[in-house]
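Going by my numbering, the first residue of the sequence shown is number 1, and it counts up by one from there.
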Amino acid sequence: MCDGLVKSLVELAVAAVALSTPVPELLAYIEYLPIAIRHQLFHELSNFRLREMEVAWQTDAQTETPEPCDGFDPDAGDQFLFDRETLRVWELRMNSTRLGYDSTSIQSTAAAQGRRRSYRHIFWEHQFRTLLKLRTPLNSSSCIDMLSDCRDLFVDVVEVLKVHGREVCEDNVELLLALRRLRRLEVHHPEQQNTCWESMKLLMQQHPNLSEMGFFHGKLSNEQLALIRRTLTQPEPTLDKNLVDTVLNNCSRITTLELVSVKIRPEGYRQLVALVSEMTQLIQLRLSNTITDFDTKLLVDAAFRGPKVQRLFLEHNELEDDAFAGLVKVQTPLALRHLRLTDNAVSPITLGAICSASMDGVLNLERLDLTNNVEIGDPGIHALTPMLASPSVDSVAALTHLDVRGCSFGLEGATNLLLALGDNKKLTHLNIAQNFLDTNARVIARHLSSLSDDVLGT
């Protein structure tokens with residue numbers, strides 16, 4: 001009973017300290033506390049007080065040499081341990097509150113390439129979104145403005161941000177520009193008001209680290225697409241050459257462009273084709289459920305020929321073979337490494353063109369996603385197998401990921417795949433699910449496993 005009473009008193013003391021002790025005082029003594037007490041204190045601190053402590057700790061760590069203390073790791077350093085301990089708190093809080101923030105939605109983006117997302121970033125990106133929504137519009141009676149007073153807590157932690165189109169406005173643009181680590185901006189339901197687009201233009205031109213822009217759901221007018229094109233490819237007329245160079249340099253940082261479920265008109269489509277053709281810094285282009293109503297050959301040709309385009313995602317566009325007819329005319333090697341054609345209508349004709357371009361060294365794909373192209377069938381798999389059986393020796397990259405789920409092939413297509421992969425030492429990931437394999441699936445799985453347990457993943 002005595003031990004339980006002492007424990008309760010300790011808990012009460014920690015809770016009181018977490019509630020009212022000024023953050024600078026906490027910071028002065030936190031490293032000397034036993035690990036268990038320190039962890040308990042972190043869990044008792046409010047979101048904003050814990051984040052305030054993190055910011056202050058990071059600031060001090062830049063100017064001071066950490067001293068050995070409880071939990072000090074000479075190899076990792078005190079800063080690393082503090083960061084790791086608080087990161088665990090954000091993970092627990094994020095999971096317990098169920099923020100509704102889908103972190104998996106950005107895993108295929110350039111921002112997420114080759115690295116995991118931090119729980120701290122995801123948590124505070126959601127907090128920023130919530131507070132931005134509460135302060136928009138700023139002059140309304142229901143406005144709650146907390147961001148102006150605490151924006152220093154966000155400037156180094158928000159990297160990926162999803163906003164409603166109306167929130168990219170004159171009242172908020174300074175807050176968005178202050179987010180020093182912001183690299184990806186997703187604008188959902190783009191606003192139609194000109195004032196919002198002036199703010200959007202300012203953001204694209206002046207943010208020093210913004211590299212990914214995406215527009216999701218809703219519509220983009222002809223004028224808005226023309227503005228995006230001018231902003232990302234052409235400097236504003238000015239007599240100040242240094243200003244022109246600065247604007248061009250900042251716009252050249254935007255290397256990823258995404259339009260998802262966005263309605264555009266014919267003139268807007270022409271602006272989009274011109275934008276893709278002129279945006280020479282473009283590395284990743286995603287057009288999903290956006291270009292179904294147009295003759296897409298010009299756009300696909302422009303995307304394929306982009307001097308730096310490495311990732312091209314064209315899912316849910318009902319693309320047919322004529323969209324890729326220009327591929328057979330290309331003679332110089334393309335920069336493209338990842339091609340995603342999920343949920344389209346390509347047939348063996350397109351797969352034959354992809355195979356020929358790969359065999360000739362024009363295409364050097366590392367990832368090819370053909371999921372849910374039901375016109376492929378057994379003939380399409382047969383058209384693709386030469387590049388799998390005999391990868392080009394002159395290619396600068398090798399196909400490592402192939403996804404042919406739901407492509408309507410059966411035993412014949414699967415057999416052709418098995419034969420083609422017999423001597424292929426490059427492919428590491430293959431997905432053939434949701435096809436017509438029936439009782440043959442187990443036999444095929446055993447053969448795939450026998451190719452190489454540590455090389456090929458299915």
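C-beta: ideal position from N, C-alpha, C; glycine also.
According to DSSP, residues forming a beta bridge with residue i
i, result
"Met359", "In the DSSP output, where bridge partners are listed per residue, Met359 has none listed."
"Phe463", "Missing from the structure shown is residue 463; the chain here goes from 1 to 458 and no further."
DSSP three-state assignment for residue i, whether helix, strand or coil
i, result
"Gln284", "strand"
"Arg151", "helix"
"His39", "helix"
"Asn431", "strand"
"Ser8", "helix"
"Glu366", "coil"
"Phe123", "helix"
"Val163", "strand"
"Arg311", "strand"
"Arg446", "helix"
"Asp403", "strand"
"Arg180", "coil"
"His207", "coil"
"His338", "strand"
"Gln58", "helix"
"Arg504", "The shown model of the chain, from 1 to 458, leaves out residue 504, and the question about it has no answer."
"Val346", "coil"
"Lys425", "coil"
"Ala13", "helix"
"His382", "helix"
"Asp438", "helix"
"Leu19", "helix"
"Pro24", "helix"
"Ala398", "coil"
"Val328", "helix"
"Phe294", "coil"
"Ser96", "helix"
"Val234", "For the sequence presented, residue 234 should be read as Gln rather than Val. The answer is coil: DSSP assigns Gln234 none of H, G, I, E or B."
"Gly306", "coil"
Exposure of residue i, with buried meaning 16 or more beta-carbon neighbours within 10 Å
i, result
"Arg446", "exposed"
"Asn473", "Residue 473 is absent from the structure shown; the chain starts at 1 and stops at 458."
"Phe48", "exposed"
"Gln310", "buried"
"Ser211", "buried"
"Tyr32", "exposed"
"Gly422", "exposed"
"Gln58", "exposed"
"Arg38", "buried"
"Pro137", "exposed"
"Thr130", "exposed"
"Asp369", "buried"
"Glu191", "buried"
Own chain residues within Cβ distance below 6 Å of residue i, not counting five before or after
i, result
"Ala420", "Thr385, Leu388, Ala389"
"Ser288", "Val260, Glu315, His316"
"Phe409", "Gly377, Asp378, Ile381, Asn435"
"Cys169", "Cys196, Ser199"
"Leu45", "Ala18"
"Glu412", "Asp378"
"Leu351", "Gly380, Ala383, Leu384"
"Leu471", "Missing from the structure shown is residue 471; the chain here goes from 1 to 458 and no further."
Residues near residue i by beta carbon distance below 7 Å, same chain, minus five either side
i, result
"Pro74", "Confidence in Pro74 is poor, its pLDDT being 46 and thus under 50, which makes the residue's placement unreliable; the coordinate value appears in the next sentence. Here the set comprises nothing."
"Leu12", "none"
"Asn222", "Arg265, Glu267, Gly268, Gln271"
"Glu375", "Ala345, Val346, Ser347"
"Ile349", "Asp321"
"Lys297", "Asp322, Ala323, Ala325, Gly326"
"Thr86", "Phe42, Leu50, Glu54"
Cut-off 8 Å between Cβ atoms - residues of its own chain near residue i, not counting five sequence neighbours on either side
i, result
"Val158", "His121, Trp124, Glu125, Phe128, Leu179, Arg181, Leu182"
"Val23", "Arg49, Glu52, Met53, Ala56"
"Ala397", "Arg337, Asn364, Leu365, Glu366"
"Ile106", "Because Ile106 carries a pLDDT of 47, less than 50, the predicted location of this residue cannot be relied on, and no value is offered for it."
"Glu167", "Leu132, Lys133, Thr136"
"Ala28", "none"
"Asn209", "Arg180, Arg181, Leu182, Arg183, Arg253"
Residue i at chain B interface by Cβ criterion, 8 Å
i, result
"Arg88", "Within the model displayed, chain B is absent; a lone protein chain is all it includes."
Heavy atom of the ligand ATP within 7 Å of residue i beta-carbon
i, result
"Arg88", "You won't find the ligand ATP in this model; it holds no ligand whatsoever."
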